[in-house]
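Asks: Per this note's numbering, residue 95 is the first one in the sequence shown, and the count goes up by one each step. Cβ atoms here follow ideal geometry from the backbone N, Cα and C, with glycine treated the same way. The structure is given below, and queries will be raised subsequently.
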Amino acid sequence: MTYFHFLTKKAYKGKLSWIAICISLLVVFICLGFNIKNQHADTLKGMAESQISMDTKQMRIYQKHNRGVAPEVKSDLIVNKRILKAIHNKQWRRAYRTQIAVNSQILKSEKQVSGSDPEMTNSLKSESNLYRALSRLNIPQQSEESPATGISFLLYVEQWIAPILIVLTIVFICSQLHTKRFIGRLDKNSLLPITSTANVSCNIMTGWFISLALLLIILGLGFLAASIISGIGDTRYPFELFSKQLSYKIYIPQSQIILPTIVLRILSSFFVVTFIFFFAVLTKKTLTTLFFNMLLLIGTNLLTPFVEPISRIAQYLPTSYFNGVNILPNRMAHDASNYQINYNHGIEALMLWTVLFGIASYILQSIRQRQNH
(Lines of atoms letter the chains of each structure in order from A and count residues from 1; the text may use other names and numbers.)
(Lines give C-alpha, C1' and ligand atoms only; values in the text may rest on other atoms or scores of the structure.)
Protein backbone atom coordinates (compact mmCIF):
# COMPACT_ATOMS: atom_id res chain seq x y z
CA MET A 1 0.00 0.00 0.00
CA THR A 2 1.43 3.41 -0.98
CA TYR A 3 1.55 6.32 1.45
CA PHE A 4 -1.07 8.17 -0.62
CA HIS A 5 -3.48 5.21 -0.42
CA PHE A 6 -2.81 4.90 3.31
CA LEU A 7 -3.76 8.56 3.93
CA THR A 8 -6.82 8.34 1.68
CA LYS A 9 -8.02 5.20 3.45
CA LYS A 10 -7.49 6.86 6.84
CA ALA A 11 -9.68 9.80 5.78
CA TYR A 12 -12.28 7.46 4.24
CA LYS A 13 -12.57 5.41 7.44
CA GLY A 14 -12.97 8.45 9.67
CA LYS A 15 -16.53 8.54 11.06
CA LEU A 16 -16.30 12.26 11.80
CA SER A 17 -15.50 12.93 8.14
CA TRP A 18 -18.71 11.26 7.02
CA ILE A 19 -20.70 13.07 9.70
CA ALA A 20 -19.37 16.40 8.37
CA ILE A 21 -20.26 15.42 4.79
CA CYS A 22 -23.77 14.30 5.80
CA ILE A 23 -24.37 17.59 7.65
CA SER A 24 -23.24 19.52 4.57
CA LEU A 25 -25.58 17.53 2.32
CA LEU A 26 -28.43 17.99 4.77
CA VAL A 27 -27.96 21.78 4.67
CA VAL A 28 -27.92 21.72 0.84
CA PHE A 29 -31.11 19.62 0.64
CA ILE A 30 -32.90 21.77 3.24
CA CYS A 31 -32.02 24.87 1.21
CA LEU A 32 -33.31 23.15 -1.94
CA GLY A 33 -36.59 22.38 -0.16
CA PHE A 34 -37.01 26.01 0.91
CA ASN A 35 -36.14 27.21 -2.60
CA ILE A 36 -38.73 24.93 -4.20
CA LYS A 37 -41.33 26.16 -1.72
CA ASN A 38 -40.49 29.84 -2.39
CA GLN A 39 -39.53 29.61 -6.07
CA HIS A 40 -42.17 32.17 -7.13
CA ALA A 41 -41.73 34.55 -4.18
CA ASP A 42 -39.75 37.33 -5.90
CA THR A 43 -40.71 36.63 -9.51
CA LEU A 44 -43.01 38.70 -11.70
CA LYS A 45 -45.72 36.09 -11.13
CA GLY A 46 -45.38 36.29 -7.35
CA MET A 47 -45.31 40.10 -7.36
CA ALA A 48 -48.36 40.29 -9.65
CA GLU A 49 -50.34 37.92 -7.40
CA SER A 50 -49.32 39.90 -4.32
CA GLN A 51 -50.27 43.21 -5.94
CA ILE A 52 -53.63 41.87 -7.13
CA SER A 53 -54.40 40.72 -3.58
CA MET A 54 -53.43 44.13 -2.20
CA ASP A 55 -55.45 46.05 -4.81
CA THR A 56 -58.50 43.84 -4.21
CA LYS A 57 -58.33 44.55 -0.45
CA GLN A 58 -58.07 48.28 -1.13
CA MET A 59 -61.12 48.17 -3.41
CA ARG A 60 -63.13 46.39 -0.71
CA ILE A 61 -62.15 49.06 1.82
CA TYR A 62 -63.24 51.81 -0.58
CA GLN A 63 -66.55 50.04 -1.27
CA LYS A 64 -67.14 49.42 2.44
CA HIS A 65 -66.92 53.14 3.12
CA ASN A 66 -69.01 54.01 0.05
CA ARG A 67 -66.12 55.80 -1.58
CA GLY A 68 -65.07 55.71 -5.22
CA VAL A 69 -62.14 53.49 -6.02
CA ALA A 70 -58.99 55.44 -6.91
CA PRO A 71 -58.20 55.25 -10.66
CA GLU A 72 -54.62 54.26 -9.87
CA VAL A 73 -55.82 51.16 -7.99
CA LYS A 74 -58.13 50.12 -10.84
CA SER A 75 -55.38 50.63 -13.41
CA ASP A 76 -52.83 48.71 -11.34
CA LEU A 77 -55.27 45.82 -10.86
CA ILE A 78 -55.97 45.60 -14.60
CA VAL A 79 -52.27 45.63 -15.50
CA ASN A 80 -51.35 42.95 -12.96
CA LYS A 81 -54.24 40.73 -14.05
CA ARG A 82 -53.02 41.12 -17.63
CA ILE A 83 -49.49 40.11 -16.58
CA LEU A 84 -50.76 37.12 -14.60
CA LYS A 85 -52.96 35.97 -17.49
CA ALA A 86 -50.01 36.14 -19.89
CA ILE A 87 -47.87 34.10 -17.48
CA HIS A 88 -50.58 31.45 -17.04
CA ASN A 89 -50.84 31.21 -20.84
CA LYS A 90 -47.02 30.93 -21.03
CA GLN A 91 -46.83 34.16 -23.00
CA TRP A 92 -43.68 35.18 -21.15
CA ARG A 93 -42.59 37.89 -23.57
CA ARG A 94 -45.93 39.67 -23.34
CA ALA A 95 -45.80 39.63 -19.53
CA TYR A 96 -42.26 41.04 -19.45
CA ARG A 97 -42.99 43.76 -21.98
CA THR A 98 -46.04 44.83 -19.98
CA GLN A 99 -43.94 45.19 -16.81
CA ILE A 100 -41.17 47.00 -18.71
CA ALA A 101 -43.78 49.50 -19.92
CA VAL A 102 -44.99 49.99 -16.33
CA ASN A 103 -41.41 50.54 -15.10
CA SER A 104 -40.75 53.02 -17.92
CA GLN A 105 -43.84 54.98 -16.92
CA ILE A 106 -42.73 55.07 -13.28
CA LEU A 107 -39.23 56.22 -14.29
CA LYS A 108 -40.74 58.93 -16.47
CA SER A 109 -42.86 60.14 -13.56
CA GLU A 110 -39.81 60.02 -11.26
CA LYS A 111 -37.85 62.31 -13.58
CA GLN A 112 -40.62 64.89 -13.45
CA VAL A 113 -40.57 64.93 -9.66
CA SER A 114 -37.73 66.82 -7.98
CA GLY A 115 -35.77 64.85 -5.39
CA SER A 116 -36.43 61.44 -6.94
CA ASP A 117 -34.93 58.44 -5.15
CA PRO A 118 -31.73 57.25 -6.97
CA GLU A 119 -31.94 53.84 -5.30
CA MET A 120 -35.47 53.30 -6.61
CA THR A 121 -34.44 54.50 -10.08
CA ASN A 122 -31.50 52.07 -10.20
CA SER A 123 -33.70 49.25 -8.93
CA LEU A 124 -36.28 49.85 -11.68
CA LYS A 125 -33.58 50.06 -14.36
CA SER A 126 -32.03 46.81 -13.13
CA GLU A 127 -35.42 45.11 -13.10
CA SER A 128 -36.21 46.32 -16.62
CA ASN A 129 -32.84 45.02 -17.85
CA LEU A 130 -33.66 41.61 -16.40
CA TYR A 131 -37.07 41.53 -18.08
CA ARG A 132 -35.56 42.61 -21.41
CA ALA A 133 -33.08 39.72 -21.20
CA LEU A 134 -35.88 37.29 -20.31
CA SER A 135 -38.08 38.71 -23.06
CA ARG A 136 -35.41 38.02 -25.68
CA LEU A 137 -35.20 34.40 -24.49
CA ASN A 138 -38.98 34.09 -23.98
CA ILE A 139 -38.56 31.81 -20.95
CA PRO A 140 -40.17 31.82 -17.46
CA GLN A 141 -38.53 33.82 -14.69
CA GLN A 142 -36.79 32.10 -11.78
CA SER A 143 -36.54 33.48 -8.29
CA GLU A 144 -33.19 35.22 -7.75
CA GLU A 145 -33.35 34.53 -4.02
CA SER A 146 -34.70 30.96 -4.25
CA PRO A 147 -33.67 29.31 -7.55
CA ALA A 148 -34.72 25.67 -7.88
CA THR A 149 -33.52 24.44 -11.30
CA GLY A 150 -30.28 22.46 -11.51
CA ILE A 151 -27.89 25.06 -12.94
CA SER A 152 -29.27 28.01 -10.99
CA PHE A 153 -29.34 26.02 -7.74
CA LEU A 154 -25.72 24.96 -8.33
CA LEU A 155 -24.74 28.64 -8.60
CA TYR A 156 -26.88 29.38 -5.52
CA VAL A 157 -24.98 26.74 -3.51
CA GLU A 158 -21.69 28.13 -4.83
CA GLN A 159 -22.67 31.64 -3.76
CA TRP A 160 -24.32 31.16 -0.39
CA ILE A 161 -23.31 27.74 0.96
CA ALA A 162 -19.96 26.59 -0.48
CA PRO A 163 -17.78 29.55 0.63
CA ILE A 164 -18.50 28.73 4.27
CA LEU A 165 -19.84 25.18 4.49
CA ILE A 166 -17.51 23.43 2.05
CA VAL A 167 -14.48 25.33 3.35
CA LEU A 168 -15.52 24.48 6.92
CA THR A 169 -15.93 20.79 6.01
CA ILE A 170 -12.49 20.70 4.35
CA VAL A 171 -10.98 22.42 7.40
CA PHE A 172 -12.60 19.89 9.73
CA ILE A 173 -11.63 16.77 7.74
CA CYS A 174 -8.07 17.85 6.87
CA SER A 175 -7.33 19.17 10.37
CA GLN A 176 -8.21 15.72 11.72
CA LEU A 177 -6.23 13.93 9.01
CA HIS A 178 -3.03 15.98 9.24
CA THR A 179 -2.76 16.21 13.04
CA LYS A 180 -3.42 12.54 13.90
CA ARG A 181 0.17 11.85 12.85
CA PHE A 182 1.47 13.71 15.92
CA ILE A 183 1.88 12.20 19.39
CA GLY A 184 3.04 15.05 21.57
CA ARG A 185 6.02 16.49 19.70
CA LEU A 186 6.68 13.27 17.75
CA ASP A 187 5.69 13.12 14.07
CA LYS A 188 5.05 9.43 13.35
CA ASN A 189 5.04 9.98 9.59
CA SER A 190 8.54 11.47 9.64
CA LEU A 191 9.82 8.07 10.80
CA LEU A 192 8.64 6.43 7.58
CA PRO A 193 11.30 5.61 4.95
CA ILE A 194 10.22 8.42 2.61
CA THR A 195 11.74 11.80 1.83
CA SER A 196 10.37 15.11 3.12
CA THR A 197 9.30 15.95 -0.43
CA ALA A 198 7.29 12.73 -0.74
CA ASN A 199 5.84 13.22 2.75
CA VAL A 200 4.61 16.75 2.05
CA SER A 201 3.49 15.98 -1.52
CA CYS A 202 1.46 12.91 -0.49
CA ASN A 203 -0.23 14.73 2.40
CA ILE A 204 -1.14 17.76 0.31
CA MET A 205 -2.25 15.70 -2.71
CA THR A 206 -4.39 13.51 -0.45
CA GLY A 207 -6.06 16.67 0.84
CA TRP A 208 -6.59 17.85 -2.74
CA PHE A 209 -8.13 14.51 -3.66
CA ILE A 210 -10.44 14.66 -0.63
CA SER A 211 -11.50 18.23 -1.45
CA LEU A 212 -12.31 17.28 -5.07
CA ALA A 213 -14.34 14.29 -3.87
CA LEU A 214 -16.13 16.54 -1.41
CA LEU A 215 -16.99 19.06 -4.14
CA LEU A 216 -18.25 16.28 -6.39
CA ILE A 217 -20.44 14.83 -3.65
CA ILE A 218 -21.95 18.07 -2.32
CA LEU A 219 -22.24 20.11 -5.53
CA GLY A 220 -22.98 17.08 -7.71
CA LEU A 221 -25.78 15.69 -5.54
CA GLY A 222 -27.25 19.18 -5.04
CA PHE A 223 -27.29 19.77 -8.81
CA LEU A 224 -28.70 16.29 -9.47
CA ALA A 225 -31.51 16.63 -6.90
CA ALA A 226 -32.53 20.08 -8.19
CA SER A 227 -32.43 18.86 -11.81
CA ILE A 228 -34.61 15.82 -11.06
CA ILE A 229 -37.21 17.91 -9.22
CA SER A 230 -37.23 21.18 -11.21
CA GLY A 231 -35.32 20.46 -14.41
CA ILE A 232 -31.75 21.33 -15.39
CA GLY A 233 -32.55 24.92 -16.37
CA ASP A 234 -31.30 27.10 -19.22
CA THR A 235 -27.61 28.02 -19.51
CA ARG A 236 -28.69 31.24 -21.24
CA TYR A 237 -30.67 32.40 -18.21
CA PRO A 238 -29.61 35.97 -17.31
CA PHE A 239 -27.32 36.54 -14.34
CA GLU A 240 -26.69 39.94 -12.77
CA LEU A 241 -23.48 41.83 -13.55
CA PHE A 242 -22.17 44.83 -11.63
CA SER A 243 -20.37 47.45 -13.70
CA LYS A 244 -17.98 50.12 -12.44
CA GLN A 245 -19.42 52.58 -14.97
CA LEU A 246 -23.12 51.95 -14.22
CA SER A 247 -25.11 52.41 -11.03
CA TYR A 248 -27.61 49.72 -12.00
CA LYS A 249 -27.25 46.04 -12.92
CA ILE A 250 -27.00 44.56 -16.39
CA TYR A 251 -27.36 40.87 -17.21
CA ILE A 252 -25.23 38.20 -18.90
CA PRO A 253 -25.95 34.50 -19.65
CA GLN A 254 -25.16 32.37 -16.62
CA SER A 255 -23.19 30.05 -18.91
CA GLN A 256 -20.40 32.67 -18.82
CA ILE A 257 -19.80 32.18 -15.11
CA ILE A 258 -20.34 28.43 -14.58
CA LEU A 259 -16.91 27.10 -15.65
CA PRO A 260 -14.84 29.99 -14.17
CA THR A 261 -16.74 29.58 -10.88
CA ILE A 262 -15.88 25.87 -10.76
CA VAL A 263 -12.21 26.67 -11.54
CA LEU A 264 -12.07 29.17 -8.65
CA ARG A 265 -13.77 26.66 -6.34
CA ILE A 266 -11.21 23.95 -7.16
CA LEU A 267 -8.22 26.31 -6.81
CA SER A 268 -9.55 27.78 -3.56
CA SER A 269 -10.05 24.25 -2.19
CA PHE A 270 -6.45 23.39 -3.10
CA PHE A 271 -5.25 26.52 -1.30
CA VAL A 272 -7.34 25.71 1.79
CA VAL A 273 -5.89 22.18 1.96
CA THR A 274 -2.30 23.45 1.64
CA PHE A 275 -2.90 26.16 4.24
CA ILE A 276 -4.36 23.61 6.68
CA PHE A 277 -1.43 21.24 6.21
CA PHE A 278 1.05 24.04 6.94
CA PHE A 279 -0.73 24.92 10.21
CA ALA A 280 -1.06 21.24 11.14
CA VAL A 281 2.72 20.74 10.83
CA LEU A 282 3.34 24.04 12.62
CA THR A 283 1.02 23.56 15.62
CA LYS A 284 0.72 19.72 15.79
CA LYS A 285 -2.64 20.12 17.55
CA THR A 286 -6.09 19.42 16.10
CA LEU A 287 -8.10 22.07 17.96
CA THR A 288 -5.48 24.78 17.42
CA THR A 289 -5.30 23.97 13.70
CA LEU A 290 -9.08 23.88 13.45
CA PHE A 291 -9.55 27.18 15.30
CA PHE A 292 -6.88 29.16 13.46
CA ASN A 293 -7.99 27.93 10.04
CA MET A 294 -11.63 28.77 10.72
CA LEU A 295 -10.63 32.21 11.96
CA LEU A 296 -8.16 33.05 9.19
CA LEU A 297 -9.92 31.44 6.23
CA ILE A 298 -13.64 31.88 6.85
CA GLY A 299 -13.33 35.01 9.01
CA THR A 300 -11.22 36.90 6.48
CA ASN A 301 -13.52 35.87 3.64
CA LEU A 302 -16.62 37.16 5.45
CA LEU A 303 -15.01 40.44 6.56
CA THR A 304 -13.49 41.41 3.19
CA PRO A 305 -16.43 43.52 1.87
CA PHE A 306 -16.97 45.30 5.20
CA VAL A 307 -13.55 46.03 6.72
CA GLU A 308 -11.81 48.78 4.74
CA PRO A 309 -8.17 47.81 5.51
CA ILE A 310 -8.92 44.30 4.21
CA SER A 311 -10.92 45.61 1.23
CA ARG A 312 -7.97 47.72 0.05
CA ILE A 313 -5.68 44.70 -0.31
CA ALA A 314 -8.39 42.13 -1.04
CA GLN A 315 -7.16 41.49 -4.60
CA TYR A 316 -3.98 39.96 -3.15
CA LEU A 317 -5.73 37.75 -0.58
CA PRO A 318 -6.68 34.19 -1.60
CA THR A 319 -9.65 34.26 0.78
CA SER A 320 -11.29 36.95 -1.39
CA TYR A 321 -11.87 34.35 -4.11
CA PHE A 322 -13.72 31.65 -2.18
CA ASN A 323 -16.99 32.84 -3.74
CA GLY A 324 -16.63 32.59 -7.51
CA VAL A 325 -20.27 33.56 -8.13
CA ASN A 326 -19.56 36.91 -6.47
CA ILE A 327 -16.23 37.38 -8.29
CA LEU A 328 -17.28 36.82 -11.91
CA PRO A 329 -20.23 39.30 -11.92
CA ASN A 330 -18.15 41.85 -9.92
CA ARG A 331 -20.40 41.70 -6.84
CA MET A 332 -17.44 41.34 -4.48
CA ALA A 333 -15.61 44.16 -6.28
CA HIS A 334 -18.73 46.33 -6.01
CA ASP A 335 -19.32 45.56 -2.31
CA ALA A 336 -15.64 46.08 -1.41
CA SER A 337 -15.29 49.14 -3.72
CA ASN A 338 -12.22 47.49 -5.22
CA TYR A 339 -12.57 46.51 -8.88
CA GLN A 340 -9.15 44.87 -8.92
CA ILE A 341 -10.87 41.87 -7.34
CA ASN A 342 -11.49 39.86 -10.50
CA TYR A 343 -11.15 36.40 -12.00
CA ASN A 344 -7.61 36.83 -13.36
CA HIS A 345 -6.27 38.17 -10.06
CA GLY A 346 -8.08 35.32 -8.33
CA ILE A 347 -6.29 32.67 -10.40
CA GLU A 348 -2.93 34.34 -9.75
CA ALA A 349 -3.49 34.84 -6.00
CA LEU A 350 -4.78 31.32 -5.33
CA MET A 351 -1.98 29.62 -7.28
CA LEU A 352 0.75 31.83 -5.80
CA TRP A 353 -0.35 31.40 -2.18
CA THR A 354 -0.84 27.65 -2.66
CA VAL A 355 2.74 27.32 -3.95
CA LEU A 356 4.12 29.54 -1.16
CA PHE A 357 2.45 27.56 1.62
CA GLY A 358 3.47 24.31 -0.10
CA ILE A 359 7.12 25.43 -0.05
CA ALA A 360 6.79 26.62 3.56
CA SER A 361 5.32 23.23 4.52
CA TYR A 362 8.21 21.44 2.83
CA ILE A 363 10.82 23.57 4.65
CA LEU A 364 9.07 23.06 8.00
CA GLN A 365 8.68 19.32 7.44
CA SER A 366 12.37 18.99 6.46
CA ILE A 367 13.45 20.73 9.67
CA ARG A 368 11.16 18.51 11.78
CA GLN A 369 12.34 15.36 10.01
CA ARG A 370 16.01 16.20 10.67
CA GLN A 371 15.22 16.85 14.34
CA ASN A 372 13.53 13.45 14.69
CA HIS A 373 16.53 11.72 13.18
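Just mark residue 272 as buried or exposed, buried being the case when its beta carbon has 16 or more other beta carbons within 10 Å.
Replies: Counting from one through the sequence shown, the residue named residue 272 turns up at place 178. With 16 or more Cβ atoms within 10 Å of its Cβ, residue 272 is classed as buried.
Asks: Can you tell me whether residue 328 is helix, strand or coil according to DSSP?
Replies: Working through the sequence shown from its first residue, we reach residue 328 at position 234. Here residue 328 sits in coil by DSSP.
Asks: Starting from the Cα of residue 456, find the closest Cα among 382, 294 and 379 and give me that residue.
Replies: In the sequence shown, the residue the question calls residue 456 occupies position 362. Of the candidates 382, 294 and 379, the one whose C-alpha sits nearest the C-alpha of residue 456 is 294.
Asks: When the Cα of residue 430 is compared with those of 414, 399 and 199, which residue comes out closest?
Replies: Within the sequence shown, the letter at position 336 stands for residue 430. Closest option to residue 430, Cα to Cα, is 399.
Asks: Roughly how many angstroms separate the alpha carbons of residue 184 and residue 191, rounded to a whole number?
Replies: The sequence position of residue 184 within the sequence shown is 90, counting from 1. The sequence position of residue 191 within the sequence shown is 97, counting from 1. C-alpha separation (whole angstroms): 13 Å.
Asks: Is DSSP giving residue 138 helix, strand or coil here?
Replies: Numbered from 1 along the sequence shown, position 44 holds the residue referred to as residue 138. DSSP places residue 138 in helix when its eight states are reduced to three.
Asks: Is the beta carbon of residue 232 less than 7 Å from the beta carbon of residue 186?
Replies: On the sequence shown, position 138 is the one that residue 232 refers to. On the sequence shown, position 92 is the one that residue 186 refers to. Cβ distance < 7 Å, so residue 232 and residue 186 count as in contact.
Asks: I'd like to know whether the C-beta atoms of residue 428 and residue 336 end up nearer to each other than 7 Å.
Replies: Residue 428 sits at position 334 when you count from the first residue of the sequence shown. Residue 336 sits at position 242 when you count from the first residue of the sequence shown. Going by C-beta atoms, residue 428 is nearer than 7 Å to residue 336.
Asks: Hey, would you say residue 304 sits closer than 7 Å to residue 105, going by beta carbons?
Replies: Reading the sequence shown from its first residue, position 210 is the one you call residue 304. Reading the sequence shown from its first residue, position 11 is the one you call residue 105. Yes, these two residues count as a Cβ contact at 7 Å.
Asks: Considering only DSSP beta bridges, list what residue 335 is partnered with.
Replies: Mapped onto the sequence shown, residue 335 falls at position 241. The partner list for residue 335 (beta bridge, DSSP) reads 344.
Asks: My output table needs one value for residue 211: the three-state DSSP class, helix, strand or coil.
Replies: Walking along the sequence shown from the start, residue 211 turns up at place 117. If DSSP states are grouped into helix, strand and coil, residue 211 belongs with coil.
Asks: Consult DSSP for residue 100 and reduce its assignment to one of helix, strand or coil.
Replies: Walking along the sequence shown from the start, residue 100 turns up at place 6. Three-state result, residue 100: helix.
Asks: Per DSSP, what kind of secondary structure is residue 303 in: helix, strand or coil?
Replies: Here residue 303 refers to the residue found at position 209 when the sequence shown is read from its first residue. DSSP places residue 303 in helix when its eight states are reduced to three.
Asks: Please report the distance separating the alpha-carbon of residue 217 from that of residue 354.
Replies: Within the sequence shown, the letter at position 123 stands for residue 217. Within the sequence shown, the letter at position 260 stands for residue 354. Straight-line Cα distance between these residues: approximately 27 Å.
Asks: Taking the C-alpha atoms as reference points, what is the distance between residue 251 and residue 214?
Replies: The residue labelled residue 251 in the question sits at position 157 within the sequence shown. The residue labelled residue 214 in the question sits at position 120 within the sequence shown. Rounded to whole angstroms, the separation of the alpha carbons of residue 214 and residue 251 is 29 Å.
Asks: Considering residue 243, what are the terminal residues of the alpha helix (DSSP H) in which it resides?
Replies: Here residue 243 refers to the residue found at position 149 of the sequence shown. Unbroken run through residue 243: none, as it is neither H nor E.
Asks: The alpha helix (DSSP H) that contains residue 401, what's its start and end?
Replies: Your numbering for residue 401 matches position 307 in the sequence shown. Segment: none, residue 401 is in no alpha helix (DSSP H) and carries neither H nor E.
Asks: Kindly list the residues whose CB is nearer than 7 Å to the CB of residue 193, restricted to its own chain and excluding five residues on each side of it in sequence; keep chain order.
Replies: Here residue 193 is taken as the residue at index 99 of the sequence shown, counted from 1. Cβ neighbours of residue 193 beyond the five flanking positions: 138, 177 and 225.
Asks: Since residue 240 and residue 129 should fall inside the 8 Å C-beta cutoff, what is the C-beta to C-beta distance between them, to a whole number of angstroms?
Replies: Residue mapping note: residue 240 aligns to position 146 of the sequence shown, counting from 1. Residue mapping note: residue 129 aligns to position 35 of the sequence shown, counting from 1. Confirmed, Cβ separation roughly 4 Å.
Asks: If you measure between the beta carbons of residue 266 and residue 369, is that distance less than 7 Å?
Replies: Position 172 of the sequence shown, counted from the first residue, corresponds to residue 266. Position 275 of the sequence shown, counted from the first residue, corresponds to residue 369. No.
Asks: The alpha helix (DSSP H) that contains residue 413, what's its start and end?
Replies: Working through the sequence shown from its first residue, we reach residue 413 at position 319. Run containing residue 413: none; DSSP gives neither H nor E here.
Asks: Would you report the Cα separation of residue 262 and residue 331, rounded to the nearest angstrom?
Replies: Your numbering for residue 262 matches position 168 in the sequence shown. Your numbering for residue 331 matches position 237 in the sequence shown. Distance between the alpha carbons of residue 262 and residue 331 is about 30 Å.
Asks: Relative to the C-alpha of residue 126, which candidate in 459, 435, 245 and 390 has its C-alpha closest?
Replies: Along the sequence shown, one-based indexing puts residue 126 at 32. Closest option to residue 126, Cα to Cα, is 245.
Asks: Would you tell me roughly how many angstroms separate the C-alpha atoms of residue 117 and residue 168, rounded to the nearest one?
Replies: As a position in the sequence shown, residue 117 is number 23, starting the count at 1. As a position in the sequence shown, residue 168 is number 74, starting the count at 1. Cα to Cα, residue 117 sits roughly 50 Å from residue 168.
Asks: From the DSSP output, in three-state form, read off residue 433 for me.
Replies: In the sequence shown, counting from the first residue as 1, residue 433 sits at position 339. DSSP places residue 433 in coil when its eight states are reduced to three.
Asks: Please work out which residues of its chain come closer than 6 Å, Cβ to Cβ, to residue 317, disregarding the five sequence neighbours upstream and downstream, and give them in chain order.
Replies: Here residue 317 corresponds to residue number 223 of the sequence shown, with the count starting at 1. If we look at residue 317 and ignore the five residues flanking it on each side, its Cβ neighbours are 244 and 248.
Asks: Less than 8 Å between the CB atoms is what I'm expecting for residue 359 and residue 256, so what's the real figure, rounded?
Replies: Residue 359 sits at position 265 when you count from the first residue of the sequence shown. Residue 256 sits at position 162 when you count from the first residue of the sequence shown. The pair is a contact, with the Cβ atoms about 6 Å apart (cut-off 8 Å).
Asks: From the DSSP output, in three-state form, read off residue 131 for me.
Replies: As a working note, residue 131 is residue 37 in the sequence shown. Of the three classes helix, strand and coil, the one that applies to residue 131 here is helix, per DSSP.
Asks: What separation, rounded to the nearest whole angstrom, lies between the Cα atoms of residue 439 and residue 453?
Replies: As a first step, residue 439 is located in the sequence shown; it is residue number 345 there, counting from the start. As a first step, residue 453 is located in the sequence shown; it is residue number 359 there, counting from the start. For residue 439 and residue 453, the distance between alpha carbons rounds to 21 Å.
Asks: If the criterion is Cβ atoms closer than 7 Å, does the pair residue 357 and residue 301 meet it?
Replies: Counting from one through the sequence shown, the residue named residue 357 turns up at place 263. Counting from one through the sequence shown, the residue named residue 301 turns up at place 207. Result no, Cβ atoms of residue 357 and residue 301 do not sit closer than 7 Å.
Asks: Could you tell me the distance, in whole angstroms, from the CA atom of residue 436 to the CA atom of residue 172?
Replies: Taking the first residue of the sequence shown as 1, we reach residue 436 at position 342. Taking the first residue of the sequence shown as 1, we reach residue 172 at position 78. If I take the Cα positions, the gap works out to 45 Å.
Asks: Between residue 420 and the rest of its own chain, which residues show a CB-CB distance below 6 Å, the 5 nearest in sequence each way excluded?
Replies: Residue 420 sits at position 326 when you count from the first residue of the sequence shown. Correct list, in chain order: 426.
Asks: Residue 372: which of 351, 312 and 387 sits nearest, CA to CA?
Replies: For this step, residue 372 is matched to residue 278 along the sequence shown. Comparing Cα-Cα distances from residue 372 to each of 351, 312 and 387, the minimum goes to 387.
Asks: May I ask which residues mark the beginning and end of the alpha helix (DSSP H) holding residue 363?
Replies: Counting from 1 along the sequence shown, the entry for residue 363 is found at position 269. In the DSSP assignment, residue 363 falls within the unbroken alpha helix (DSSP H) covering 349 to 377.
Asks: Are the CB atoms of residue 383 and residue 220 within a distance shorter than 7 Å?
Replies: By one-based count along the sequence shown, residue 220 stands at place 126. By one-based count along the sequence shown, residue 383 stands at place 289. The answer is no: Cβ separation not under 7 Å.
Asks: Do residue 189 and residue 181 have their C-beta atoms within less than 7 Å of each other?
Replies: Reading the sequence shown from its first residue, position 95 is the one you call residue 189. Reading the sequence shown from its first residue, position 87 is the one you call residue 181. Yes, these two residues count as a Cβ contact at 7 Å.
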